[in-house]
Amino acid sequence: MFEPVVYNRNRLFPRSWFRDFLNDDFFSNRLASIKADIFEEDGNLVIEAELPGFEKDEIKVQVNDNQLTISAERNQATEENAENYIRRERSVNQVCRTFIVEDLDAEKIAAKFENGLLRLTVPKPEQAQPESKEIEIN
Numbered sequence: 001m002f003e004p005v006v007y008n009r010n011r012l013f014p015r016s017w018f019r020d021f022l023n024d025d026f027f028s029n030r031l032a033s034i035k036a037d038i039f040e041e042d043g044n045l046v047i048e049a050e051l052p053g054f055e056k057d058e059i060k061v062q063v064n065d066n067q068l069t070i071s072a073e074r075n076q077a078t079e080e081n082a083e084n085y086i087r088r089e090r091s092v093n094q095v096c097r098t099f100i101v102e103d104l105d106a107e108k109i110a111a112k113f114e115n116g117l118l119r120l121t122v123p124k125p126e127q128a129q130p131e132s133k134e135i136e137i138n
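In my numbering, the protein residues as written are 1 to 138.
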């Protein structure tokens, strides 16, 4: 049923062009995860997240309850200026990662972005001292 359409396209454009178009990254793009290192330093929890190719203003860090979310979004447009263009592309690159950290204090989190690396310093919550109480027996 679709053979004539494919046949006509293949006559108009080389077979490899048509195959490359169908395998374009646009069709296989999905929300990617952020690679991160997490470690302790000077009594703080440190998260170093790799965000290569992103600018500082394209990155968001949000805290909601005990969830710390890092997300980044970049819109790119490549356009041919020719009047009868063959191809125009637009893409959106998005990455996102959420960490669950108990007793987050959003006001004390420090963030620094340099050379594609986002460094978050999260103060560890103070450990509550176990309460000891003697129970009277009647």
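Even glycine gets a Cβ: it sits at the ideal position worked out from N, Cα and C. These figures come from a predicted structure and were not determined experimentally.
- Lys60 sits in a strand when the DSSP states are folded into three classes.
- With fewer than 16 other CB atoms across the displayed protein chains lying within 10 angstroms of its CB, Val92 is exposed.
- Taking 8 angstroms as the cut-off, the Cβ atoms of Ile34 and Leu45 do not count as close.
- When DSSP states are grouped into helix, strand and coil, Glu107 belongs to the helix group.
- Here Ala106 is exposed. Its C-beta has fewer than 16 other C-beta atoms within 10 Å.
- In summary, Ile59 is buried, with 16 or more beta-carbon neighbours lying within 10 Å of its beta-carbon over all protein chains present.
- Measuring C-alpha to C-alpha distances from Glu73 to each of Arg97, Glu83 and Asn64 identifies Arg97 as the nearest.
- Its Cα nearest to that of Asp57, the residue Glu114 stands out among Glu114, Lys124 and Leu104.
- Taking a C-beta distance under 8 angstroms as the contact criterion, Ile109 and Asn66 do not qualify as a contact pair.
- The beta carbon of Ala49 sits closer than 6 angstroms to the beta carbons of Ile34, Ala36, Ile70 and Leu118 from its chain, once the five residues preceding and following it are set aside; these are given in chain order.
- The alpha-carbon of Leu104 is positioned some 29 angstroms away from that of Lys133.
- In the DSSP assignment, Asn66 falls outside any beta strand (DSSP E) and carries neither an H nor an E.
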